[in-house]
Every structure is written in C-alpha cells, then in structure tokens.
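Q: The following block contains the structure, expressed as structure tokens.
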Amino acid sequence: MNQFPVFLGVLRYEFRMQIRRPALWITMILFTLLIVGVGGGVFRGELLRNAESRPLLTLLAQWAYRINTFFPIAVGVLLADRLPRDRRTKTEELFAAAPGALSTRLLGKYFGTMLATLIPVLIVYIAGVGLIAYDAQNALVIPLSLAPFAAINLPGILFVSAFSLACTSIMWTPLFQFLFVGYWFWGNLLETRFGIPTLSGTILTPVGGYMASGIFGEPFIQLGATAMQGVESIILLLAITALVMWTLWGLLKWQQARQ
Amino acid sequence: MFSDRFWYELKLMGKRVTLTPILVMVGFAAIAALLHYLKVDPSRTLSAALEMILPLMTGVVISAVTSQDQAIELQLTVPRKYHLTVMRRLAIILGWTAIVTLLSSVIIAILNLGFIPRDTPAWTNPLPFLVGQLTWIATLLWYVAAGLVLGLLTRSRAASAALLCGIWIVEIVFKDLFGISAWLKPIFLFPTTLFALGGPLSQTLFNYWLDNRLEVLATGLLLLPIGWLLLRSPERLLKGSSEE
Chain A
0 MNQFPVFLGV
10 LRYEFRMQIR
20 RPALWITMIL
30 FTLLIVGVGG
40 GVFRGELLRN
50 AESRPLLTLL
60 AQWAYRINTF
70 FPIAVGVLLA
80 DRLPRDRRTK
90 TEELFAAAPG
100 ALSTRLLGKY
110 FGTMLATLIP
120 VLIVYIAGVG
130 LIAYDAQNAL
140 VIPLSLAPFA
150 AINLPGILFV
160 SAFSLACTSI
170 MWTPLFQFLF
180 VGYWFWGNLL
190 ETRFGIPTLS
200 GTILTPVGGY
210 MASGIFGEPF
220 IQLGATAMQG
230 VESIILLLAI
240 TALVMWTLWG
250 LLKWQQARQ
Chain B
0 MFSDRFWYEL
10 KLMGKRVTLT
20 PILVMVGFAA
30 IAALLHYLKV
40 DPSRTLSAAL
50 EMILPLMTGV
60 VISAVTSQDQ
70 AIELQLTVPR
80 KYHLTVMRRL
90 AIILGWTAIV
100 TLLSSVIIAI
110 LNLGFIPRDT
120 PAWTNPLPFL
130 VGQLTWIATL
140 LWYVAAGLVL
150 GLLTRSRAAS
160 AALLCGIWIV
170 EIVFKDLFGI
180 SAWLKPIFLF
190 PTTLFALGGP
200 LSQTLFNYWL
210 DNRLEVLATG
220 LLLLPIGWLL
230 LRSPERLLKG
240 SSEE
C-alpha cells in the first residue's frame, strides 16, 4: 500500500485536532501575556538598543532567540499527551488494525501536531517582526525574518517535539512535563560559570544560541560561535531528532508485538 | 472511615504520586554527590531542589489530578461533595510532599549543606532552621494553589502544566525584574536560590527575604479560596471534561 496518502491523511487529521484544541490557544495566549506582561519592556529595550546601527538580521535573530527561550516549553508540554491520549481513548488498537504502517502514522502524528503547535509561535514571532519592521521603516524585514525562524526556532522545536512524543511513551506525562522544563533550564539557560556540568554552552542546545550567534552574528549571546558551529548545531539537533523518532518507532513496534 | 478514604484516595492516585518526590530527591542527592566529587559546593543546587523543583512537580501533579476526573459524573451524584474529595486529594499530595521536603531539609542540615538565610545579628530570629523552612513552604503552597486554580480554569492537564512551567521559567529568566519590582515581589517564588541568599545576610536583606516569603504565602493562600469556589460549580466541572 502506498503510504504517502496515509501520511498526508494522518498529518491533516492530527493538525486539525491540535489546532482546534482549546488548550493550545488558552496556553499560548496566557503564555504570551505572561512573557510580554513581565518581560515586554526588556524585549523592547533589547531590540531597540542601537537598532539603527545593527544589521536587521541580528535584530531578527535576537527576537527569534528570545521566542525560543520560552515557547519550546509550551510546545513540549502540549505535545506530551498526544501518544498517551491514544492509549487513554482506547484508539491505539483500532489504529493498529488499520492498513497504514506504524511508522507512517507516527510521522503523520509528529508533523501534524508539531506544525499545529507551531502556528501560535509563528504568530507571536510575526507580531515581533512587525514591530521591528515598523521601527526600522523597512519592509525587507518581513522576507528576511524567515531565515532566523528556520535556523533558530525550527530545529529546536523539531527536537523538543520528538522527545515529547518519545518520552511519554515510557514515562508518566506530568513527570515528563516537569523534568522537561527542568532540562530546558539546565541544558540551555544555566550559565557554565557555576561549575555544574551542563549541556548549556555546547552545540547541543535547542534554544539556538549557536545559530543566533554564529550564523546571524547576534552580539548579546556571548558564545563567540562561528557560522560553521551554528550549522553543526542544526545538523546535530536534526540528527538526534531523527534518531529519537526512529527509536520511538522501534519501541512502539516492540510494544505492539508484545500485546 | 477517615483512614479508609485516605488509603483509597492514595491507591487511586497510584504509586507514581507518592514515589515522584522521593525519586526527585534521590536524583538530587546523586547530583550533589557528583558536585562534591567535582569540588563544587552542592548546597545551592540542593536548595533549588527544595525551593524550585519539588514545588513545580507538586503543582503539575495537582493540576493533573484536579483538572480532570474520569468519574466526574458519578462523583457529582454521590452524597459526599466533590470539592471535599478534591481537597482531600490536594491535602494528601501537599502533605506527602511537605514530609519528603522537610525530611530532606533535615538531612541536608545534618550534612551541613543547608542554604538557609540567616540574619546578622541573629537576635531577631532565634529559630533560624524553622524560619528557613519558609524557603520551600511558601513556594510549595503557592504552586499547589496555582496548580489547583489553573487546572480548574483551563480544564486541561496540558494547558495548566504548560502555564505552571511557563511561570517557572519566566521567574528564572526575569529574576532581576522580579527582585526589584514592587508588583512582582509578592509572586517572586525562588529568591533564596536565584539570588543566593543562603547563609548570613544583612538585616535589610533578611527582612526583604522574610517579607517576600510571607507575601508569597499570602498570595498562595488567596488563590486557594478561588480554587474552592471553582470546585463548587458542577456545570464548570462537567463542561470541558471530555475536550482533551
């Protein structure tokens, strides 16, 4: 059986299911209000500091990095219940009896839920891009903004989404949710000067510091990264994402065989 | 009767609710041992476990337990009021986490790894260990109340957990803003760990810390009646119970 139409069908269905989910919009709206309410002034100050003398791409990269500091947490937590939901609603067996392959359904679920959850993040990003374009009085900002989003936000969100689906297939969802936010701080935001062993400061950071600093020359993230390291970081994140999805497929297949 | 219901609720929530705080502390004990081996002082990390990690964990678990109940229709028909059942569950989770945290705090103090704010001179605070427990008590109570309210308002485990996690990370990233803004101070949840307030402090700084702890405790206590009121609305409880 040709699996591509199955993949598209699953993707479309999962996308619709997630985009119509009240929890997605409630979370993203309150999340945005919380971040802007507390840190809106800080963001504005950062983006407007020497804005005239800075290349537009560095401003956009800074905004993309700021978005990536917070929103992957919401994405990760919101995707964490997608696989356990199939079990809870007792549809898992029904799916297993359907002609679509497990790998196709898994990929469809992954991309469908991830893309739907990405929409509110993209809206917030575009709102900030609009402000930058207005301040700079330059419409070129809008096409330029695609590059930082693709290089900084997308790899991180792909990475986080894969772990959210994979970890909750073996772990209690609330446990994953709080461990995940703990990881996000420890592995991305914790400064290395404290002497605590951390992934923070390495290229394995989905927050995207290496991309923002190395590829776009964002000056406030003091990593001193090169463009090559930025690219390496993207490749590493995407490779681990693929590995995690492949492991999840193997695990689900094994679980299915044991039933 | 009381003990029967207590054990029944405990069984219903499952071992994962009781084991999670213990596993968290065992994990942090291992991290502390690693830091000691690396010649890094583990006291602030252990303080983070008590002040930042266990309250977040409890808030997420509370929101998961209170936001949805598979037998909600049945619960609303039995003579025992549903809000009392939820409050019992909440008390069990809060009580258990508090016991685990207090025991961990005692062990940490015995090992001389405490990260407790102390005033100098110490005459205004004759019980530094007990007052120091406000480090986690205030935050734990705040997160429990916030978990209850957010769980009931959103009627979604994912949304309430995401918001609790969002508050957590926003407090860390904007800690300086929380530290200096008068309107954010009553909800500044982790000053001890984030501002490294363990050990002897000047009287001004100690008073700042103590005021903050009491304000966080008060805002947490203010959230509890809101949760209580939300629990007393059967329509709200039924609506959205199957939307996930």
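Heads up: the sequence lines are chains A and B, in that order. The first sequence lines up with residues 0 to 258 when you count with numbering that gives the first Met the number 0. The second sequence lines up with residues 0 to 243 when you count with numbering that gives the first Met the number 0. Glycine included, C-beta positions come from ideal geometry on N, C-alpha and C.
Taking the alpha-carbon of D210 of chain B as reference, which of B:L133, B:A63, B:S42 has the nearest alpha-carbon?
A: Ranking the options by Cα distance to D210 of chain B, first place goes to B:L133.
Q: Checking contacts by CB at 9 Å: is M56 of chain B closer than that to chain A?
A: Chain A, which has a Cβ nearer than 9 Å to the Cβ of M56 of chain B, makes this yes.
Q: List the whole-angstrom C-beta distance separating P116 of chain B from L222 of chain B, where the pair is believed to meet the contact cut-off of C-beta under 8 Å.
A: No, P116 of chain B and L222 of chain B are not in contact; Cβ-Cβ is about 25 Å, not under 8 Å.
Q: Would L237 of chain A and L157 of chain A qualify as a contact pair, given that the criterion is a beta-carbon distance under 9 Å?
A: Yes. Within cutoff.
Q: Are the beta-carbon atoms belonging to L58 of chain A and I131 of chain A less than 9 Å from one another?
A: The answer is yes: Cβ separation under 9 Å.
Q: How long is the line joining the alpha carbons of P41 of chain B and A32 of chain B, rounded to whole angstroms?
A: Going from the Cα of P41 of chain B to the Cα of A32 of chain B covers about 8 Å.
Q: Do the region 72-80 of chain A and the region 225-237 of chain A meet, that is, are 3 or more Cβ pairs less than 8 Å apart?
A: Contact fails: fewer than three Cβ-Cβ distances are below 8 Å.
Q: Which same chain residues end up closer than 6 Å to A63 of chain B when comparing Cβ atoms and leaving out the 5 residues on each side of it in sequence?
A: R156.
Q: Would L83 of chain B be called buried (16 or more neighbouring beta carbons within 10 Å of its own) or exposed?
A: With fewer than 16 Cβ atoms within 10 Å of its Cβ, L83 of chain B is classed as exposed.
Q: What does L162 of chain B touch in chain A if you count any residue whose Cβ is under 8 Å from its own?
A: Correct list: T26, L29, F30, L33.
Q: Which same chain residues end up closer than 7 Å to T96 of chain B when comparing Cβ atoms and leaving out the 5 residues on each side of it in sequence?
A: Once the five neighbours on either side are set aside, the close Cβ partners of T96 of chain B are P20, L53, T57, L139.
Q: Thinking C-alpha only, which one of A:Q2, A:G107, A:A241, A:E92 is nearest G155 of chain A?
A: Minimum Cα distance to G155 of chain A is reached at A:A241.
Q: With a threshold of 6 Å on Cβ separation, who are the neighbours of A47 of chain B within its own chain once the five nearest residues in sequence on each side are excluded?
A: So the list reads T192, once near-sequence residues are dropped.
Q: Are there 16 or more other CB atoms within 10 angstroms of the CB of T90 of chain A, so buried, or fewer, so exposed?
A: Answer is exposed; the Cβ neighbour count stays below 16.
Q: Answer with buried or exposed for E234 of chain B, where buried requires no fewer than 16 other C-beta atoms within 10 angstroms of its C-beta.
A: Per the 10 Å Cβ criterion, exposed.
Q: Would you say T73 of chain A and F42 of chain A are within 9 Å of each other, going by their C-beta atoms?
A: The sequence given here has Ala at residue 73 of chain A, not Thr. The answer is no: Cβ separation not under 9 Å.
Q: For F215 of chain A, collect the residues of the same chain with a Cβ closer than 7 Å to its Cβ; drop the 5 residues on either side in sequence, then sort them by chain order.
A: L56, T57, A60, P147, listed in sequence order.
Q: Please list, in chain order, the chain B residues whose beta carbon lies closer than 7 Å to that of G259 of chain A.
A: Absent from the model: residue 259 of chain A. The displayed extent of chain A is 0 to 258, so no value can be given.
Q: Would you mind sorting G249 of chain A into buried or exposed? The rule is 16 or more other CB atoms within 10 Å of its CB.
A: That one is exposed.
Q: Less than 9 Å between the beta carbons of L229 of chain B and V148 of chain B, yes or no?
A: In this structure, V148 of chain B lies closer than 9 Å to L229 of chain B by Cβ.
Q: Taking Cβ positions only, does G181 of chain A come closer than 9 Å to chain B?
A: Yes, G181 of chain A lies at the interface with chain B (some Cβ there is under 9 Å from its Cβ).
Q: DSSP three-state call for P185 of chain B: helix, strand or coil?
A: Correct three-state label for P185 of chain B: helix.
Q: Could you give the distance in angstroms between the alpha-carbon of T218 of chain B and the alpha-carbon of L163 of chain B?
A: Approximately 15 Å, taken between the alpha carbons.
Q: In chain B, which residues lie with their C-beta within 7 Å of the C-beta of P173 of chain A?
A: Result: V59, V60, A63, A160.
Q: Starting from F173 of chain B, find everything on chain A with Cβ-Cβ shorter than 8 Å and list it in chain order.
A: Within 8 Å Cβ-Cβ: V37, G38, V41.
Q: Going by DSSP in three states, D118 of chain B sits in which element: helix, strand or coil?
A: In the structure shown, D118 of chain B sits in a strand (DSSP, three-state: E or B).
Q: Can you confirm whether G198 of chain B, when its beta carbon is compared against all beta carbons of chain A, has any partner nearer than 9 Å?
A: No, because no Cβ of chain A sits closer than 9 Å to the Cβ of G198 of chain B.
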